[in-house]
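Since the structure comes first, as structure tokens, the remarks are kept for the end.
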């Protein structure tokens, strides 16, 4: 049997059909993965599929090692993760793996507490860093990690497994930020998970740089746990997995469209379109006025690296995030990610982006109604800003 045929069998066995009643749909991700429990029928189908290929050597480490994964993880997960798309020739390969499992470099592979974290590839569009990793644990059973929806609705039939992560990250020596996202990807076997992590940069970057990734904990859900409190990161390991990863910005397919439309206290500054995401940048002017030049100078004299948002937080103020929703020219809603003050992110997921319809609300209930009813919802009339933006 060829490696390609075996790889196809493994992919089919590890991608079960999931229906709306078996997985909780995560419509607006708030920085933490939400997943439900795979039903008994689906779990049995997976078990049967796995048992059926034991004879082919699925759990044979020697045979499994002949399927190179590290260095090709984008290719493995790019169809089903939230920020999906064709990553061919987009990212930089950090680590390669040959057919017997040897790595061509150990610079980006760290081990602690029986878990090895290997950085595989990295892509940066100037606004976010997309990093693929291989997680290998000696004493684990990853086959019970449940899957969660990554499309705008269950009928998309797009799901991925998830791996929790805690720790901090920083770029080019800037102040560390807390890791808020999860690894999304595929379970390969009992001991191997491959996935992608998306890190949003506080400010856009150009050229090249270094990502300092300091992981202090790793964990995953278990579909055998019946209590919803127990299932959340029921397998958790504290440790230390620290790496410094080089990256280069690939801005060849990234477009920034300046808008500058102001309504009330909200300004739609610009829209960024990259191969995998759309970013809507806004400013809430009412909050900015509270940070006077005198206060800014005093705070910067103590720490010149403080951002306006950090200074406002120190003063007990904060920017209020808007509620933003986007559709393309065909009325297809773009998958929304967690929205923070000043930035709303959306996954392209292979949709054509010729025209963007951006709606910004100051009432989250109006956002929710438009999400349910679509671009022709009557809630559109209550948007503070409704803007049609021609991309092509």
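Numbering (our numbering), first residue to last: 7 to 398. Every residue, glycine too, gets a C-beta built ideally from N, C-alpha and C. Predicted model, so just to flag it, every value in this text is computed and none were measured.
Open item on the list: I'd like the span of the alpha helix (DSSP H) that includes residue 80, first residue to last.
Closed with: 79-83
TODO: May I ask you to report which of helix, strand or coil DSSP gives residue 197?
DONE: coil
TODO: Starting from residue 374, trace the alpha helix (DSSP H) both ways and give me its first and last residue.
DONE: 370-379
Task: residue 338 and residue 361 closer than 9 angstroms at C-beta - done: no
- [ ] Please go through the same chain and pick out, in chain order, the residues whose beta-carbon is closer than 6 angstroms to the beta-carbon of residue 129, but skip the five residues on each side of it.
- [x] 96, 97 and 136
- [ ] Just tell me which of 365, 140, 363 and 306 has its CA closest to the CA of residue 122.
- [x] 140
Open item on the list: Could you compute how far the alpha carbon of residue 249 sits from the alpha carbon of residue 372?
Closed with: 43 angstroms
Task: Nearest-angstrom Cα separation, counted from residue 101 out to residue 290 - done: 42 angstroms
Task: Sub-9 angstroms separation of residue 227 and residue 168 beta-carbons - done: yes
Open item on the list: Which complete beta strand (DSSP E) runs does the segment 113-142 hold, if anything under 3 residues is left out?
Closed with: 115-118 and 121-130
Task: the segment 204-214 contacting the segment 174-190, beta-carbon criterion three pairs below 8 angstroms - done: yes
Open item on the list: On the CB-based measure, 16 or more other CB atoms within 10 Å of its CB, does residue 306 come out buried or exposed?
Closed with: exposed
Task: Spatial distance of residue 341 from residue 332 (CA atoms) - done: 8 angstroms
Open item on the list: Quick check: residue 238 and residue 118, are their CB atoms within less than 9 angstroms of each other?
Closed with: no
Open item on the list: If the criterion is Cβ atoms closer than 9 angstroms, does the pair residue 274 and residue 366 meet it?
Closed with: yes
Task: the segment 349-359 / the segment 280-288 touching (three or more Cβ pairs under 8 angstroms) - done: yes
Open item on the list: Across the segment 79-93 and the segment 194-202, are there enough close Cβ pairs to call them in contact, namely three or more that are closer than 8 angstroms?
Closed with: yes
Task: DSSP state of residue 105 mapped onto helix, strand, coil - done: coil
- [ ] Report yes if the CB atom of residue 166 is closer than 9 angstroms to the CB atom of residue 190, and no otherwise.
- [x] yes
TODO: In angstroms with no decimal places, state the Cα-to-Cα distance between residue 171 and residue 396.
DONE: 38 angstroms
TODO: Pick out the complete alpha helix (DSSP H) segments inside the segment 236-295, 4 residues or longer, and give them in chain order.
DONE: 291-294
TODO: Pull up the distance between the alpha-carbon of residue 383 and that of residue 277, whole angstroms please.
DONE: 23 angstroms
Open item on the list: From the DSSP secondary-structure annotation, give me the bridge partner or partners of residue 177.
Closed with: 217
- [ ] Starting from residue 362, trace the beta strand (DSSP E) both ways and give me its first and last residue.
- [x] 361-367
TODO: Excluding the 5 residues preceding and the 5 following residue 379 in the sequence, name in chain order all residues of the same chain whose CB lies nearer than 8 angstroms to its CB.
DONE: 385
- [ ] Label residue 125 either buried or exposed according to how many other C-beta atoms from any shown protein chain fall within 10 Å of its C-beta, with 16 as the threshold for buried.
- [x] buried
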